[in-house]
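**Q** Quick mapping for you: the protein sequence lines, in order, are chains G and C.
Going by the working numbering, the first residue of the first sequence is number 1, and it counts up by one from there.
Going by the working numbering, the first residue of the second sequence is number 116, and it counts up by one from there.
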Amino acid sequence: GAVVSQHPSWVICKSGTSVKIECRSLDFQATTMFWYRQFPKQSLMLMATSNEGSKATYEQGVEKDKFLINHASLTLSTLTVTSAHPEDSSFYICSAREGNDSPLHFGNGTRLTVT
Amino acid sequence: LAKTTQPISMDSYEGQEVNITCSHNNIATNDYITWYQQFPSQGPRFIIQGYKTKVTNEVASLFIPADRKSSTLSLPRVSLSDTAVYYCLVGRNTGGFKTIFGAGTRLFVKA
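(1) Just curious, the beta strand (DSSP E) that G:V81 is in, first and last residue?
(2) With a threshold of 16 other CB atoms inside 10 Å of the CB of G:R37, please say whether the residue is buried or exposed.
(3) Strictly under 8 Å for the Cβ-Cβ distance: is C:S156 near chain G by that measure?
(4) Cβ closer than 8 Å: which chain C residues qualify as neighbours of G:C91?
(5) Evaluate contact between the region 78 to 94 of chain G and the region 35 to 53 of chain G, counting only Cβ atoms and requiring at least three cross-stretch pairs below 8 Å.
(6) For C:Q131 and C:I163, I'd like the C-alpha separation in whole angstroms.
(7) Hey, G:E59 and G:T31 are a contact pair by Cβ (cut 8 Å); roughly how many whole angstroms apart?
(8) Using the C-alpha atoms, what's the distance from C:D126 back to C:Y166?
(9) Could you check where the beta strand (DSSP E) with C:T187 kicks off and where it finishes?
(10) Per DSSP, G:Y92 forms a beta bridge with which residues?
(11) Would you please state the rounded distance, in angstroms, between the beta carbons of G:G109 and G:C23? I believe it to be under 8 Å.
(12) Since C:I135 and C:Y201 are thought to touch, with beta carbons under 8 Å apart, how far apart are those beta carbons, to the nearest angstrom?
(13) Go ahead and pull the three-state DSSP assignment for C:L195.
(14) Return no unless some Cβ of chain G is closer than 8 Å to the Cβ of C:K184.
(15) Exposed or buried, C:Y128, counting other C-beta atoms within 10 Å across all chains shown (16 or more means buried)?
(16) Answer yes or no: do C:G229 and C:Y147 have a C-beta to C-beta separation smaller than 8 Å?
(17) If we ignore side chains and look at the alpha-carbon of each, how far apart do G:S18 and C:A175 end up?
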């Protein structure tokens, strides 16, 4: 089946630094990928839609300059949390569809802790 | 986007059948119903998807009435390892369709 891989699975960084999270579709191509954020005991919140070869589309309230998304190829999207602060600590999850008529497949998430 | 409503939590015992019902009154004609399972610190895992009537796979069944305004995920003979959050999602399966998560149902399976 379709596999979405995220890297790293966890990262700890200092306040003010930037962190890049990679999302790869391992055995299929994805023109669109989605980034979610999840706080403890809460549901997933859609942050942005990553579009291959064009700009990402951000949900209301998500700062595009803080959460930089790059979808440079059909199998890779990256999310960079710039100038991270403790309130950015969260679980970040990406997803993609293998094609039309396919459900979303999710990566295993990245736990970001900003100290 | 069709909104979904599920029970916040459910308790069960090992070996029992668990049915989780999801309401989606404003489901659109082209929308599918998809259920996911999520364990702590992991991404959601696809369980089952359907459009109408009944769908069954090796882990679950999905019952969808004719009006499609609700659906029921049935987990046969649950075990402790089925303790997780279950999400009911409604939407199209086209590549760029945004999927919005509801609160989900926390299932606790007891010994």
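Using N, Cα and C, we set each Cβ at its ideal position, and we do this for glycine too.
**A** Here's the rundown:
(1) Judged by DSSP secondary structure, G:V81 falls within the beta strand (DSSP E) whose first and last residues are 76 to 81.
(2) G:R37 comes out buried.
(3) yes
(4) Contrary to the premise, residue 91 of chain G reads as Phe rather than Cys in this sequence. Under the 8 Å cutoff, chain C gives S156.
(5) yes
(6) 19 Å
(7) 19 Å between Cβ atoms; not a contact.
(8) 27 Å
(9) 185 to 190
(10) G:R37, G:T110
(11) 10 Å between Cβ atoms; not a contact.
(12) 6 Å
(13) helix
(14) no
(15) Exposed, by the Cβ-count rule.
(16) Here chain C has residues from 116 to 226 only, and residue 229 of chain C is not among them.
(17) Cα to Cα, the separation comes out at about 42 Å.
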